[in-house]
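To keep things clear, I will list the structure first and then write my remarks on it.
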Amino acid sequence: MAEPRTHRLVIAEVIEETADARSLVFEGTPQLPYEPGQFLTFKLPGTQGQPVTARCYSLASSPHTGEPMKVTVKRVPGGHGSNWLCDHAVPGAELEVLPPAGTFTPPGLDTDLLLVAGGSGITPVMSILKSVLTRGRARLVLLYANRSESAVIFRDELRELTEDYPDRLQVVHWLETLQGLPATDRLATELAPYAGRVAYLCGPKPLMDAAEVALRGLGATRERLHRERFFSLSGAAFGAPAAVDSSAVGSSGAGSSGAGSSGSAPDEPGSTARVELDGATHEITWPSGTPLLDALLAAGVDAPYSCREGACAACTCRVLEGEVKMTRNEVLDDVDLADGYILACQSLPLTPRVGITYS
Ligand SMILES: Cc1cc2nc3c(=O)[nH]c(=O)nc-3n(C[C@H](O)[C@H](O)[C@H](O)COP(=O)(O)OP(=O)(O)OC[C@H]3O[C@@H](n4cnc5c(N)ncnc54)[C@H](O)[C@@H]3O)c2cc1C
Ligand code: FES
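So in the working numbering, the last spot in the sequence shown is 360, and the numbers never skip.
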């Protein structure tokens, strides 16, 4: 049986994109609601003694074109999840996923964008690109780096889109076998005319670093640069939240709190969190070693979450009062942090009282 938070997707079609990348197209209408650039988290068989493992794959489809949901998986040499999917995902097979999540999403579809992708990093970029072309009015420039021509995922689809939208889409292919590595100075020359645009970068870290340094050198501000980093989750996304002594964690619609501390040593002081969520205010005891999300769930508060590993931003909330520390953060940038945003699944209290809002 699927867990309450998860959905089952049936594979309708498997497309061989390149020698080592396969797209999985899913059956189903209505589809799960998602935004361009978001990803799904898949429950996969475990490895090294773990019963299950979790891997994220960006949706390469667009929610605005009417096409079915699609992810594209590139084999990683020696990798567990990517090879399992490429070897076992066949039409008719069912996969369990968490709801779409992620913040690599454009604020609207009418703002001109610069897109930089490398290898399988094209997937969320493709979703943004198709959405903007179909539903928006913006112009797009895509710089797409690959080792060689045979490694280019979605080559034909991109060519067709440039033919369909000649005035709005420009695709610059960068092939390492012909042009060498996309180093900062050469990227700066290529990207200079578009440095004032909002930019979305996804691909190997050296490419994203080089593109970011090039764009910053051309005057692009940090707020205009958005990066999506690919990495493997540990698997906690599908486990139960960490045990919190519920006798020590209280919640009320607007006032009282539980007493004591839990999830930490008995004599460790806990904090009190006042949390605004969905129009209600909850006051709960927040044990010092317990992530805010776990304390909220244990107190019966239906707080949002997905990966529980600091990777998806589904649990983002904002500190209004007091201080917290985060143990892991893969998604919030310096601007978000300066504005007080935190990830509830990774946040521990540092002050006796903390005020939080989800609005
Ligand atoms: C938001 C997000 C979106 C993503 N979207 C996509 C996408 O659209 N397409 C895509 O292809 N990927 C995507 N990824 C990456 C994907 O989730 C996986 O990280 C990727 O497929 C590799 O997983 P794996 O299980 O095959 O490799 P892993 O098993 O995690 O291994 C990764 C590497 O580490 C090495 N390794 C593993 N274990 C050990 C060990 N014990 N000792 C030494 N080396 C080890 C492996 O040999 C391999 O080289 C995304 C990730 C994120 C976070
Ligand atoms: S639940 Fe994914 S970052 Fe917190």
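The beta carbon of each residue, even a glycine, is placed where N, CA and C say it ideally should be. Here the structure is a predicted model, which means the values were calculated and not measured.
Determine the closest residue to residue i out of the options, with distance taken between C-alpha atoms.
i           : options               : result
residue 272 : 168, 34, 354 and 56   : 354
residue 138 : 144, 129 and 145      : 129
residue 49  : 332, 297, 235 and 356 : 235
residue 60  : 47, 33, 52 and 80     : 33
residue 230 : 239, 221 and 208      : 208
residue 42  : 352, 347, 172 and 83  : 83
residue 13  : 324, 62 and 94        : 94
residue 40  : 183, 136 and 73       : 73
residue 177 : 187, 148, 170 and 159 : 148
residue 20  : 150, 351 and 81       : 150
residue 120 : 66, 315 and 204       : 204
residue 35  : 108, 188, 103 and 293 : 103
residue 58  : 65, 51 and 100        : 100
residue 81  : 51, 62 and 311        : 51
residue 107 : 136, 79, 96 and 87    : 136
residue 291 : 186, 350, 85 and 314  : 350
residue 67  : 172, 28 and 187       : 28
residue 186 : 277, 215 and 330      : 215
residue 109 : 306, 38, 172 and 53   : 38
residue 172 : 142, 86 and 288       : 142
residue 118 : 202, 348, 324 and 225 : 202
residue 53  : 170, 240 and 338      : 240
residue 6   : 307, 324 and 298      : 307
residue 47  : 85, 344, 298 and 328  : 85
residue 158 : 339, 105, 329 and 62  : 62
Which whole-angstrom value is the C-beta distance of residue i and residue j, which I expect to be below 8 Å?
i           : j           : result
residue 334 : residue 223 : 7 Å
residue 1   : residue 319 : Given that the chain is displayed from residue 2 to residue 360, the structure contains no residue 1 and the question cannot be resolved.
residue 115 : residue 134 : That pair is no contact at about 15 Å.
residue 219 : residue 193 : 6 Å
residue 174 : residue 145 : 6 Å
residue 183 : residue 211 : 6 Å
residue 71  : residue 25  : 7 Å
residue 10  : residue 98  : 6 Å
residue 140 : residue 111 : Contact doesn't hold; Cβ gap of about 10 Å is too wide.
residue 296 : residue 288 : 6 Å
residue 316 : residue 332 : With a Cβ gap of about 10 Å, residue 316 and residue 332 do not count as contacting.
residue 87  : residue 156 : Wrong, their Cβ atoms sit about 19 Å apart, outside the cutoff.
residue 304 : residue 345 : 6 Å
Should residue i be labelled buried (16 or more other beta-carbon atoms within 10 Å of its own) or exposed?
i           : result
residue 18  : buried
residue 125 : buried
residue 279 : exposed
residue 360 : exposed
residue 154 : buried
residue 326 : exposed
residue 322 : exposed
residue 131 : buried
residue 301 : exposed
residue 45  : buried
residue 232 : exposed
residue 56  : buried
residue 89  : exposed
residue 275 : buried
residue 357 : buried
residue 266 : Note that residue 266 scores 45 on pLDDT, short of 50, meaning its location in the model is unreliable; the coordinates nonetheless yield the value given after this. Flag for residue 266 reads exposed.
residue 198 : buried
residue 16  : exposed
residue 228 : buried
residue 179 : exposed
residue 336 : exposed
residue 284 : buried
residue 311 : buried
residue 64  : buried
residue 164 : exposed
residue 122 : buried
residue 339 : exposed
Do we get a CB-CB distance below 7 Å when we pair residue i with the residues of chain B?
i           : result
residue 105 : Checking the listed chains, one finds no chain B in this structure; it contains a single protein chain.
Considering only residues of the region 114-162, which uninterrupted beta strand (DSSP E) runs meet the minimum length of 3 residues and lie entirely inside it, listed in chain order? Those beta strand (DSSP E) runs which fall completely within the region 114-162 and span 3+ residues are 114-119 and 141-147.
Entirely enclosed beta strand (DSSP E) segments - the region 202-234, minimum 3 residues: Within the region 202-234, the complete beta strand (DSSP E) runs of at least 3 residues are 226-229.
Residue ranges of each alpha helix (DSSP H) run of no fewer than 4 residues wholly in the region 175-201, ordered along the chain? Complete alpha helix (DSSP H) runs here, min 4: 177-180 and 185-192.
Mind pulling the beta strand (DSSP E) runs of 3 or more residues that sit fully within the region 27-81? If only uninterrupted beta strand (DSSP E) runs of at least 3 residues are considered, those enclosed by the region 27-81 are 40-46, 53-59 and 71-75.
Any chance you could list the beta strand (DSSP E) runs of at least 3 consecutive residues sitting entirely within the region 317-345, in chain order? DSSP runs (the beta strand (DSSP E)) wholly in the region 317-345: 317-322, 325-327 and 342-344.
Using a strict less-than 7 Å threshold between each residue's beta carbon and the heavy atoms of ligand 2, what residues do you get? Counting every residue whose Cβ lies closer than 7 Å to a heavy atom of ligand 2, we get 102, 294, 306, 307, 308, 309, 310, 311, 312, 313, 314, 315, 316, 332, 344, 345, 346 and 347.
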